[in-house]
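Asker: According to this note's numbering, the sequence shown is numbered sequentially starting from 8.
Even glycine gets a Cβ: it sits at the ideal position worked out from N, Cα and C.
Take a look at this one; I'll ask things after.
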Amino acid sequence: MKILLVDDDEFVRTLLLEQLQAEGHEVVTENNVDDALTLLSENAFDLLITDIVMPHKDGGQLMQQARQNGFGNPIIAITG
8 MKILLVDDDE FVRTLLLEQL QAEGHEVVTE NNVDDALTLL SENAFDLLIT DIVMPHKDGG
68 QLMQQARQNG FGNPIIAITG
């Protein structure tokens, strides 16, 4: 499974990246909404995992924009 993981916290991103890779998933990480939206428009992902609380734009905005742009696969929202 190809996963886009978006979280502004480097520790959380690294922890989740390592766990998901250990399960055999291909994971691409990003730390902000704008760059994540660019990745979503240029690549096919099976799953989007996003933090809700991030500076500038939040995970809610990412989820809304991803859906508006046609991302129809599952989205998991997380928060600390």
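With residue 40 as the anchor, note down where its alpha helix (DSSP H) starts and where it stops.
Answerer: Here the alpha helix (DSSP H) through residue 40 covers 40-49.
Asker: Given this structure, state the Cα-to-Cα distance separating residue 83 from residue 57, to the nearest angstrom.
Answerer: For residue 83 and residue 57, the distance between alpha carbons rounds to 6 Å.
Asker: With residue 11 and residue 40 assumed to form a contact (beta carbons below 8 Å), what rounded beta-carbon distance in angstroms separates them?
Answerer: Going by Cβ atoms, the distance from residue 11 to residue 40 rounds to 12 Å, so no, they are not a contact pair.
Asker: By Cβ distance, which residues of its chain are closer than 6 Å to residue 36, with the 5 residues on each side in sequence left out?
Answerer: Correct list, in chain order: 12, 20 and 24.
Asker: Hey, residue 54 and residue 38: beta-carbon distance below 7 Å or not?
Answerer: No, these two residues do not count as a Cβ contact at 7 Å.
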